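Q: Quick one: this structure, given as structure tokens, is what I'll be asking you about.
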Amino acid sequence: MNDYMRICCCTLGLAAATTGLAHAEGRFELQSTNMLIRADPFSADEELTALGAGVFDLETGWDSNTWVRRVQPLSGRQVLRFEGQLRLRGYSDRDELNSVLVTPRVQYWNTTADNKLQLRLSAGYSAMSRDGDAHWTRPEAEAQLRYRPEGGRALETVFRIRANAYDFERANLQGLDSERVRIGVEQFFRPMDEALQVRLSAYFEQADADEDRFSFDETRLRGEVIWNIDEASSVALLADFRDREYDAAFSAQEPFAREDERFEIEARYERKLTEHVNAFVAAGYLDNSSNIQARDYDGATFRAGFSLRL
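The sequence shown begins at -1 in this note's numbering and counts up by one.
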């Protein structure tokens, strides 16, 4: 059994185990998304690898992302949330990209009596391995301030600031260790009793890496529209644009600073199968334009799978 099959089997075992946990004493929540996917395994948030040309492209594989949460109300409107994430990715013909991501996280929420302001603070620690070897670790902290002028969810503005630090542990990734800060604002519109949801986001992120060629500034714009057709089905359209500029020459062979523009668009259909299980299918297109040849590619993307909520 290869690593790809092991990851698929582990996904099924995880779903069964966490289903039992969700019914243990106390308030637990489970969210698990499992899908066949063709996309970029080198996402802009998990950068990346220092390997040579021909490595980067769209790949087809299995992706399972599961969060288990315990929600603990405190006095007043305060809430603590203890969370654990396990994300598994497997590729049938690219074993070196098979990955396991583990994240414990704690969140604190507090809301004013009129429900117009909510503060969310969180801290977590993530560790990723690829093909059985440690790839990076990442401590992270985030603060959110959510403003609802009418006290309900119809209109909501979210201000975010996030700080993290990537520590790459493999020798061929020296220079990628970085400290990052991201600030952003999101605007939610939920008219029509939430039958329609519009989400607009804008972010700016700055990374200070050990080597200037891996330090960057990034601007990101994102928009998503979700329409609940009826009680059992919904459609969505998402567009995401990132512009990233690095600080120094990329390599001796390409002696100029790397510049990437990444655009992705996707349409999705989701259908409720049972009280706790939804199925979905999505198709889109990704264009990762770069002045570095190895990072310049594009192609059609798709996702198909199911989500479980308890």
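Glycine is no exception: its CB is placed at the ideal position from the N, C-alpha and C atoms. Quick caveat, the model's predicted, so the values are computed rather than measured.
1. Keeping to the same chain, check which residues put their C-beta closer than 6 Å to that of residue 237; ignore five residues upstream and five downstream.
2. Suppose the cutoff is 6 Å on Cβ atoms and the five residues either side in sequence are ignored; what does the same chain contact list for residue 155 look like?
3. So, for residue 181: in the same chain, excluding its five sequence neighbours on each side, which residues have a beta-carbon less than 6 Å away from its beta-carbon?
4. Can you round the beta-carbon distance between residue 124 and residue 86 to whole angstroms, since I take them to be within the 8 Å contact cut?
5. Near residue 267, what residues of its chain come up, given a Cβ to Cβ distance below 6 Å and the 5 sequence neighbours on each side ignored?
6. Going by the beta-carbon positions, is the gap between residue 225 and residue 198 smaller than 8 Å?
7. Per DSSP, which one or two residues make a beta bridge with residue 155?
8. For residue 297, which residues in the same chain have their Cβ closer than 7 Å to its Cβ, ignoring the five residues on either side in sequence?
9. What is the rounded straight-line gap between the Cα of residue 286 and the Cα of residue 40?
10. To which residues of the same chain is residue 127 closer than 7 Å at the C-beta, ignoring the five residues directly before and after it?
11. Have a look at the DSSP bridge pairing and note the partners of residue 190.
12. Would you please state the rounded distance, in angstroms, between the beta carbons of residue 137 and residue 162? I believe it to be under 8 Å.
13. Is the Cβ-Cβ distance between residue 300 and residue 276 less than 8 Å?
14. Go ahead and pull the three-state DSSP assignment for residue 94.
15. Would the beta-carbon of residue 151 fall within 8 Å of that of residue 109?
16. Which residue marks the beginning of the beta strand (DSSP E) containing residue 32, and which one marks its end?
17. Just list the beta strand (DSSP E) runs in the stretch 256 to 302, keeping only unbroken ones of 3 residues or longer that don't cross its boundaries, in chain order.
18. Only counting the same chain, and skipping five residues up and downstream in sequence, which positions put a Cβ closer than 6 Å to that of residue 213?
19. Leaving out the 5 sequence neighbours to the left and right, which residues in its chain are closer than 7 Å to residue 33 when beta-carbon positions are compared?
20. On a Cα-Cα basis, can you pick out the residue from 27, 227, 103 that is closest to residue 270?
21. Let me check one thing: in DSSP terms, what residues is residue 329 bridge-paired to?
22. Does the separation of the CB atoms of residue 200 and residue 174 fall below 8 Å?
23. Can you tell me whether residue 202 is helix, strand or coil according to DSSP?
24. Residue 211 by DSSP, collapsed to three states: which one?
25. Would you kindly work out how many angstroms separate the C-alpha atoms of residue 217 and residue 81, rounded to a whole number?
26. Comparing C-alpha positions only, which one of 273, 95, 142, 66 sits nearest to residue 115?
27. Strictly by DSSP, which residues pair up with residue 224?
28. Got a sec? Which residues, its chain only, sit under 6 Å from residue 35 by beta carbon, not counting five neighbours each side?
29. Quick check on residue 111: does DSSP put it in helix, strand or coil?
30. Would you please state the rounded distance, in angstroms, between the beta carbons of residue 139 and residue 121? I believe it to be under 8 Å.
A: Quick answer:
1. 221, 263
2. 145, 185
3. 159, 202
4. Contact flag wrong, Cβ pair sits at about 14 Å.
5. 233, 279
6. no
7. 145, 185
8. 56, 284
9. 11 Å
10. 97, 98, 133
11. According to DSSP, residue 190 bridges with nothing at all.
12. 6 Å
13. no
14. helix
15. no
16. 26 to 37
17. 275 to 288
18. 205, 206, 207, 245
19. 61, 301, 302, 303
20. 227
21. Nothing about residue 329 can be reported from this structure: the residues present for the chain run from -1 to 308 only.
22. no
23. strand
24. helix
25. 29 Å
26. 142
27. 195, 234
28. 61, 301
29. coil
30. 5 Å
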